[in-house]
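*Asks:* Input: one structure, supplied below.
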Amino acid sequence: MKNGKKYGTHNSCTYAPLLGFQKLLYPFAVIFSRCQSKTLYAQFNKGVRLFDIQISKKHNKSQWYISHGGLWYDKTFEQVLQELEVLAKNDDKVYIRLGLDYHWGNKTTRKEFFNYIKNVIKPYINIIIDEIYIEKPWEIALVGSLDKMEKYWSV
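Each residue of the sequence shown is one higher than the last, beginning at 75 in this note's numbering.
Shown next as C-alpha cells:
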C-alpha cells in the first residue's frame, strides 16, 4: 500500500493452468479469460495488496476452485489463502475482492457460499475480505463486505 492506496489486479489467479479437460481450451482461454500472467508472489512483490478472486464449486468436486467466465483453474481457494497468508506475514495485510462465479450452471446457494467463506477465512489473520460480489453472465451484483453482509448471505 502506497500513500494509503491499495493497488490491485483483476482476476488475480488466471495465470494458473486450467483444470482437467479445459486444458485443451488454453489457446482460447489466454485470449478471452486470462487476465494475469504473473503469480501471486510476483504480483505481491510488485506492490499488489488487493487481489480480485472468483471462485466456484466444480460440478463433481467438493473443493472451491478459482474460476473465471466458466473456466476452472487448477488452484483451490484454500491454496490461494495459504499463499497470501505467507506473503502478508512480513508485510501487513492483503485484501481480497471475492466473487462467486455463477457461469456454466453453478448451483451454489448464497448461504452455502457465505458459510464456506466465513469458516475458511478464520485462520488467516493477515487476509481481509474487502468486498464480495456475485458474477453471472453479463451481470455483476456487488453485495458488500463479509461482516456487513452476514444477514443477507445467511438467508
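We treat Cβ as the ideally placed atom computed from N, Cα and C, and that holds for glycine.
Please report the distance separating the alpha-carbon of glutamine 128 from that of asparagine 119.
*Replies:* Whole-angstrom Cα-Cα distance: 21 Å.
*Asks:* Would you say the stretch 103-120 touches the stretch 171-178, given that touching needs at least three Cβ pairs under 8 Å?
*Replies:* Output reads no: the stretch 171-178 does not touch the stretch 103-120.
*Asks:* When you compare only the Cα positions, how much space is there between glutamine 194 and proline 101?
*Replies:* Correcting the residue identity first, residue 194 is valine in this sequence and not glutamine. The alpha-carbon atoms of valine 194 and proline 101 are separated by roughly 33 Å.
*Asks:* Would leucine 145 and leucine 92 qualify as a contact pair, given that the criterion is a beta-carbon distance under 8 Å?
*Replies:* In contact: leucine 145 and leucine 92 (Cβ atoms closer than 8 Å).
*Asks:* Quick test of your reading: aspartate 126 and alanine 90, contact by CB under 8 Å. State the CB separation rounded to the nearest angstrom.
*Replies:* Going by Cβ atoms, the distance from aspartate 126 to alanine 90 rounds to 14 Å, so no, they are not a contact pair.
*Asks:* Go ahead and label aspartate 166 buried or exposed: buried means 16 or more other beta carbons lie within 10 angstroms of its beta carbon, across all protein chains shown.
*Replies:* Aspartate 166 comes out exposed.
*Asks:* Helix, strand or coil: which one does DSSP assign to valine 229?
*Replies:* Unreliable positioning characterises valine 229 in this predicted model, as indicated by a pLDDT of 45, which lies under 50. The coordinate reading is nonetheless provided below. Looking at valine 229 - three-state DSSP - the assignment turns out to be coil, as it is neither helix nor strand.
*Asks:* Between which residues of its own chain and threonine 83 is the CB-CB distance below 7 Å, once the five residues before and five after are set aside?
*Replies:* Gln110, Gln117, Val122, Phe125 and Asp126, listed in sequence order.
*Asks:* Near lysine 131, which residues of its chain fall below 6 Å by C-beta distance, leaving aside the five closest residues on each side in sequence?
*Replies:* Correct list, in chain order: Trp138 and Thr182.
*Asks:* By DSSP's criteria, tyrosine 139 is part of a beta bridge. Which residues make up the other side?
*Replies:* BP columns for tyrosine 139 point to Ser130 and Thr150.
*Asks:* Which of the three DSSP states, helix, strand or coil, is assigned to tyrosine 198?
*Replies:* Tyrosine 198: coil per DSSP, three-state reduction.
*Asks:* Glycine 173 by DSSP, collapsed to three states: which one?
*Replies:* Residue state, collapsed to three classes: strand.
*Asks:* Closest to threonine 88 by C-alpha separation, out of Lys192, Lys97 and Lys80, would be which residue?
*Replies:* Comparing Cα-Cα distances from threonine 88 to each of Lys192, Lys97 and Lys80, the minimum goes to Lys97.
*Asks:* If you count every other CB in all the chains shown that lies within 10 Å of the CB of phenylalanine 187, and 16 or more means buried, which is it?
*Replies:* Phenylalanine 187 comes out buried.
*Asks:* With tyrosine 89 as the anchor, note down where its alpha helix (DSSP H) starts and where it stops.
*Replies:* Unbroken run through tyrosine 89: none, as it is neither H nor E.
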